[in-house]
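Numbering (our numbering), first residue to last: 90 to 440.
Glycine residues also receive a C-beta, built at the ideal position from the N, C-alpha and C atoms.
Okay, structure first, notes after.
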C-alpha cells in the first residue's frame, strides 16, 4: 500500500509538471495569451504610427510611393494605388496595371473595406478629412515627402523598417550615397571659376505654346543643383505653367524635356523647328534634351533618381564624365535592385 501511494504521488507530480510546462489549451477553459508584434514609425508630418506586423496589405494614396515598395522587393504586398511607371513595373508584377487602375478610383470607403495594415499618403494630404477618418478607425496612415534626396533616403529607411527589410534599405542608401559623392567629387575638380549653366526642365501642358515647369521646392530643381546647374525656375514653387515669353526672359543654357502624356521627342522636334524659340541660347546651341524615361522619368523622385543625376551632370559638364558609361551603370542598377536585364527595359530619351 505504501508503494502504491508513492507511485500515485509520482504520477500526480508528473502530470502537474507536464501541465506546468506545456500550459493549458482552450479546451480546458483557459485562453492562450496571443502576442501581437508592432512596428512604430514617425512619419514626415510628425505623426507616430503603430503598424501591426507582419505587413501583408498596403494601399497608397500617393502615386510616388509604390515604386519604392517595389524597390524593396515588396510589390506583392502593394494592394492598390495610382502610380507612375506602370510599363516598367509590369516587368516585376503582372498585376501592376490592374493595381494602378484600381487606385485611380480609390476612396475612403473602399480602403476601410479592405482593412490594410498601412496606408501611405502624401505630405500635402495631411489634414484631409478622409485621412483623418482612416486614423480615427485605427488604420495607420503614414505621410510621405519625396521632394528632395534626403527625404527619399528617409522614406527608403522607413519602408525598410515597416517591411522588415532593413538590410536591403541600408544597401540602397549606401548606393545612393556613393553616387552623390562621386558626382560631387567630379564636379569639384573642374567647376571652379566656371559659369554655372542655367537649366530649364519642362513638359507639355497640352495647350499650344504652353508648358509646365518645376519650382525651386520641387525635386527636379534640386537635382539640377546637385548636378552642377541652376534651375531658372527656382523662384517659383510647385508645378507652374510657363509661356514662351518667360522662357525667352530666362534664356536657359540647357532645356530638358520630361515625358508624361505627350511624347517628349515630339516636343523637342517642335521646339527646335519653331522660329519663336530660335533665339534662346539652348535652342541655338542645340542643347535641348529629352530626359531618359523607362516608364518613369529618371530625373523625377523615384528609385532611379541616381541615374537621372548622373545623366544630368554628364550633359551639363560633359568634360567631367568622358569616361562614364551611363548604360553600363543603368544595367548594373536594374540588375542589382530590380533583378532585371537592362536589355528588357525600354528606355526612351537622349541616353
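| Item | Value |
| --- | --- |
| Use the C-beta contact count for residue 309: other C-beta atoms within 10 angstroms, 16 or more gives buried, fewer gives exposed. | buried |
| Are there three or more Cβ pairs, one per stretch, closer than 8 angstroms when the stretch 340 to 355 is compared with the stretch 379 to 387? | yes |
| Assuming residue 233 contacts residue 303 (C-beta within less than 8 angstroms), just tell me the rounded distance between them. | That belief does not hold up - the Cβ atoms of residue 233 and residue 303 are roughly 19 angstroms apart, past 8 angstroms. |
| How should residue 396 be labelled, buried or exposed, when 16 other C-beta atoms within 10 angstroms of its C-beta is the threshold for buried? | buried |
| Take the Cβ of residue 113 as the centre, count every other Cβ of all protein chains shown within 10 Å, and call the residue buried at 16 or more, exposed below. | Interpretation of residue 113 is limited by its pLDDT of 36, a score under 50 that renders its predicted location unreliable; the figure taken from the coordinates is listed afterwards. Counting Cβ neighbours within 10 Å, residue 113 comes out exposed, since fewer than 16 surround it. |
| Kindly indicate which three-state DSSP category residue 409 falls into: helix, strand or coil? | helix |
| So is residue 364 buried or exposed if we call it buried at 16+ other beta carbons inside 10 Å? | exposed |
| Can you give me the start and stop residues for the alpha helix (DSSP H) that residue 301 sits inside? | No alpha helix (DSSP H) holds residue 301; the beta strand (DSSP E) holding it covers 299 to 303. |
| Whole angstroms are fine: how far does the CA of residue 386 sit from the CA of residue 338? | 27 angstroms |
| Can you give the beta carbon distance from residue 172 to residue 192, rounded, assuming they're within the 8 angstroms contact cut? | 7 angstroms |
| Could you spell out where the beta strand (DSSP E) holding residue 379 opens and where it closes? | 377 to 379 |
| Return the chain-ordered ranges of every alpha helix (DSSP H) run that is complete within the stretch 138 to 217 and spans a minimum of 4 residues. | 155 to 160, 175 to 178, 185 to 192 and 197 to 203 |
| Assess, as a yes-or-no matter, whether the stretch 262 to 275 is touched by the stretch 285 to 292 under the definition of 3 or more beta carbon pairs within less than 8 angstroms. | no |
| Skipping 5 residues on each side, what residues in its chain have a beta carbon closer than 7 angstroms to that of residue 244? | 157, 233 and 235 |
| Is there at least one Cβ from chain C nearer than 8 angstroms to residue 276's Cβ? | You won't find chain C in this structure, because it holds only one protein chain. |
| Return helix, strand or coil for residue 351, following the three-state DSSP convention. | coil |
| Out of 240, 241, 200 and 238, which has the shortest C-alpha to C-alpha gap to residue 221? | 200 |
| In terms of residue numbering, what span does the beta strand (DSSP E) encompassing residue 329 cover? | 328 to 332 |
| Just mark residue 358 as buried or exposed, buried being the case when its beta carbon has 16 or more other beta carbons within 10 Å. | exposed |
| Compute the distance between the beta-carbons of residue 389 and residue 177, then report whether it is under 8 angstroms. | no |
| Tell me the DSSP secondary structure of residue 374 in three-state form. | coil |
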